[in-house]
Amino acid sequence: MGVLYLVSLLLGITCMLLLDHRFRLFFWRDAKAAAIVTAVGVLFLLGWDLAGIGLGIFLRGEGTIATGLLLAPELPIEEPVFLLFLVLCTMVLYTGARRIMERIPAKRRENERERENV
Amino acid sequence: MTYLWLALAFIAAAVIAGVMFARAGARPGGAQRGGAQRGGAQIGETARHWKAVGLAFAALAVLTAVFDSVMIGMELFHYDASHILGLKIGLAPIEDFAYPLAGVVALPGLWIWLTRKRNDASPRASRNFKGLVPQALLASRPVSWINTAYPFAAAMLLTTRDIDWVLIVGTFYFLIPYNLAMYGINDVFDYESDLKNPRKGGIEGALLQPHLHRPMLWLAAITNVPFLLVLAFAGGPAAWISLGVSAFAVVAYSVAGLRFKERPVLDSLTSSTHFVSPAVVGLALAGADVTPGLLILLAAFFLWGMAAHAFGAVQDIEPDRQAGIGSIATVIGARRTVRLAVGLWLVAGLAMLATPWPGPLAAIIAVPYIINCAPYWNVTDTTAARTNVAWRRFIWLNYGSGFLVTLIFILQWSLTS
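In order, the protein sequences belong to chains A and B. Going letter by letter, the first sequence gives residues 14 to 131 in the numbering used here. Going letter by letter, the second sequence gives residues -6 to 410 in the numbering used here.
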C-alpha cells in the first residue's frame, strides 16, 4: 500500500491553495462562489468517471504508489482528490490569467502617463 | 471509440453550460437589463473571459501531457484499448485532454456568473468572512476538544485493537469538526444571553459577532456532513443510529425551535449525550459485543456527563434568569442542582464497582468530583455564581480523570491480550 500518489495530490492541492491565498484569486476572493464552483466541478467530473467505469472504459491500475483503497469498483480513493486538484488548478490558472491580463494594460497606461509627465 | 463519444457528450454539456454562464456573467446588470446595456464593456468582458480560458487551457494541456504520461507510466490507471482512438501524446490518449477542456470551458463561466451579482458588494462580503475560522476555533473551546475525541478513540481502539483509517478519520472528526458544530451552533443561537454573560469570551467560549452567524452555521455544516457520511459509509445500522443520535443532540441542544438546553432535565440528558455518543459511535463502528459490563460503563459515563452539565449550569443561574433562559439549575434551584450532581457522581462511581475488573478501579474517579463540589452543598441562588471557581477546577480535573481512565484502559488491554 503506497501513499505517494495521494500525498503528491495533497501537496499539489496545498500549493494551489497557497497561490490562491497569496494572490487572492479564488477561495480568498469569494469563498462561497469558489466552494460552489469546486463542488460542481468535482461532481461533474466524478459523474464522468462513473459513466466511463460503467461503460468499461476506465480501468484502475495496480501501481504500487497508490493506496489500493476503493470507493467503488475501479474508483480508487485518490480519484476525487485528483479531481479536486484538477478543478483548483483550472480555476487558479483561469483567475491568474485574468489577473495578469488586467495588470498588463494598467501598467501600459501607467507608463504612458509617466512619459507624458516627463 | 466509446471513450471519444463519452468525452464528446460531456464536453458538449460543458460547452453549453460554459457559454450560457459566460454570457449571463458578462452582462453587467443581470439578465433583465439586456438591450441598451449591451455595449463595449460586455463584449470586452466576454473577450477577456475566453482569452483567459484559452491561456488556462494551454497551460492545462501541457500539464496534462506531462503528468498524465507519468501517471499512466506509474500504472495508476489504464484504458481498455478497444475503447480509445489510439492517438497519443506521450503516453496520454488524446481523449484524456477532454477532462481539463470540459473543466476550463464550464467552470470559469460558472465562476464569473456567481461573482457577477456581488461585484459591487464584494469588499463588504469578503470583510464579513474575515476572522471566521479563528473565531470558530476559539468558539469550539479547544481546551475541551479531547473530551469528545477521547471517548471515541478509546472505545474503538479497545475494541478493534488496531489503528485503521476509520479510527483516524473518526478521531479527527470528534476532535475538531464535531466541536466546531456543537459550540458554533450554540454560540450563534446563544448570542443574546452571551452578551449579558461576562464569563464568555475566554477559556469558556467566545462571543460571536452577528455578521458571522450565518457563515458559522455554514462552516459547521460543511465540516460535519462529509465526515458523517464517510463514517456512516464505514459502518452498519448501529453506526447510522448512533451517528444520527449524536448529530441530532449537537443540533437540538441549542438550535432555535428545539433549544433542549432550555428544557430542564432534557438539557443535562442532551449535554451528556454529546460526550457519551462518540464512545457509542466508536463501539458501533468497531462492532463491539454488547455486554452487561459495557452497558454499566456507558451508563456510569452518562451519569457523570449529566452531573457535569447540571453543576455547570449552577454558575449561570443569574445570567440565565435575566435572559429568560431555563435550565435544570434555574428550575430546581442552585442547592438542589449541586446535590443532584454530587448524587449522580456518587451513583456513577458505585456503578463502576459492578463492572468486571479492572472497571471497579474507575470508581475512585468520582471522588475528586464529589470533593470539588461538596463545599457548595448549601449554596443558594444568590451565591450560585461562586461555583465558577469549582467549575474552572473541573475543566482541569477532567484531564486528571482522563489520565486515570487511560491507565485503567492500558491495564485492561494488557489483561485481555
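Note that the Cβ used here is the ideal one computed from N, Cα and C, for glycine as well. Please read these numbers as outputs of a predicted model, since none were measured by experiment.
Residue(s) in a DSSP beta bridge with residue i
i	result
residue 213 of chain B	Residue 213 of chain B pairs with nothing; no bridge assigned.
residue 277 of chain B	None; residue 277 of chain B has no bridge partner.
residue 428 of chain B	Residue coverage of chain B in this structure runs from -6 to 410, which leaves residue 428 of chain B outside it and unanswerable.
residue 72 of chain A	B/71
Own chain partners of residue i with C-beta closer than 7 Å, once the 5 adjacent residues on each side are dropped
i	result
residue 248 of chain B	178, 182
residue 391 of chain B	140
residue 21 of chain A	none
residue 299 of chain B	261, 262, 265, 337
residue 41 of chain A	33, 34
residue 297 of chain B	338, 341
DSSP three-state assignment for residue i, whether helix, strand or coil
i	result
residue 169 of chain B	coil
residue 90 of chain A	coil
residue 126 of chain B	helix
residue 39 of chain A	coil
residue 27 of chain A	helix
residue 115 of chain A	helix
residue 202 of chain B	coil
residue 350 of chain B	coil
residue 134 of chain B	coil
residue 257 of chain B	coil
residue 339 of chain B	helix
residue 333 of chain B	helix
residue 35 of chain B	helix
residue 263 of chain B	helix
residue 107 of chain B	helix
residue 315 of chain B	helix
residue 252 of chain B	coil
residue 141 of chain B	helix
residue 79 of chain A	coil
residue 161 of chain B	helix
residue 41 of chain B	helix
residue 360 of chain B	helix
residue 61 of chain B	helix
residue 180 of chain B	helix
residue 376 of chain B	coil
Same chain only: Cβ atoms within 6 Å of residue i, ignoring 5 sequence neighbours per side
i	result
residue 275 of chain B	145, 148, 149
residue 125 of chain B	205, 208
residue 310 of chain B	322, 323, 327, 374, 377
residue 25 of chain B	For residue 25 of chain B, the pLDDT reaches just 44, beneath the cut-off of 50, and the residue's location in the model is therefore unreliable, although a value from the coordinates is still provided. Cβ neighbours of residue 25 of chain B beyond the five flanking positions: none.
residue 314 of chain B	323
residue 398 of chain B	none
residue 38 of chain B	19
Residue range of the beta strand (DSSP E) that includes residue i
i	result
residue 85 of chain A	83 to 85
Extent of the continuous alpha helix (DSSP H) to which residue i belongs
i	result
residue 70 of chain B	Here residue 70 of chain B belongs to no alpha helix (DSSP H); instead the beta strand (DSSP E) covers 70 to 72.
residue 319 of chain B	Residue 319 of chain B -> no alpha helix (DSSP H), and no H or E assigned at all.
residue 231 of chain B	230 to 245
residue -3 of chain B	-5 to 19
residue 371 of chain B	Looking at the DSSP string, residue 371 of chain B is not in any alpha helix (DSSP H), and its letter there is neither H nor E.
residue 394 of chain B	381 to 409
residue 302 of chain B	285 to 307
residue 51 of chain A	44 to 67
Cβ neighbours of residue i in the same chain (closer than 8 Å, five flanking residues each side left out)
i	result
residue 88 of chain A	62, 63, 66, 73
residue 26 of chain A	94, 97, 98, 101
residue 302 of chain B	260, 261, 264, 265, 321
residue 304 of chain B	330, 331, 334, 366, 380, 383, 384, 387
residue 120 of chain A	none
residue 216 of chain B	169, 170, 173, 174
residue 86 of chain B	-4, 72, 77, 78, 79, 80
residue 176 of chain B	132, 133, 134, 198
residue 339 of chain B	359, 363
residue 29 of chain A	98, 101, 102, 105
Min CB distance residue i to chain C below 8 Å
i	result
residue 33 of chain A	No chain C appears in this structure, whose protein chains are A and B.
Open item on the list: Beta carbons nearer than 8 Å to chain A: which residues of the segment 77 to 107 of chain B have them?
Closed with: 77, 92, 93, 95, 96, 97, 99, 100, 101, 103, 104, 107
TODO: Below 7 Å between beta carbons is the criterion; list the residues of the segment 60 to 78 of chain B that meet it against any residue of chain A, in chain order.
DONE: 67, 68, 69, 70, 71, 72, 73, 76
Open item on the list: By the 8 Å beta-carbon criterion, what residues does the segment 168 to 186 of chain B contribute toward chain A?
Closed with: none
- [ ] Return the residues of the segment 152 to 166 of chain B that lie within a Cβ-Cβ distance of less than 7 Å from chain A, sorted by chain order.
- [x] none
Task: Near-chain A residues of the segment 384 to 402 of chain B (beta-carbon distance less than 8 Å), N- to C-terminal order - done: none
Task: Residues within the segment 43 to 57 of chain B neighbouring chain A, beta-carbon criterion of under 8 Å - done: 44, 45, 46, 48, 49, 52, 53, 56
Open item on the list: Under 9 Å, CB to CB, which of the residues in the segment 35 to 46 of chain A have a partner in chain B?
Closed with: 37, 39, 41, 42, 43, 44, 45, 46
TODO: Compile a chain-ordered list of the residues in the segment 104 to 128 of chain A whose CB is closer than 7 Å to at least one CB of chain B.
DONE: 104, 106, 107, 110, 111, 114
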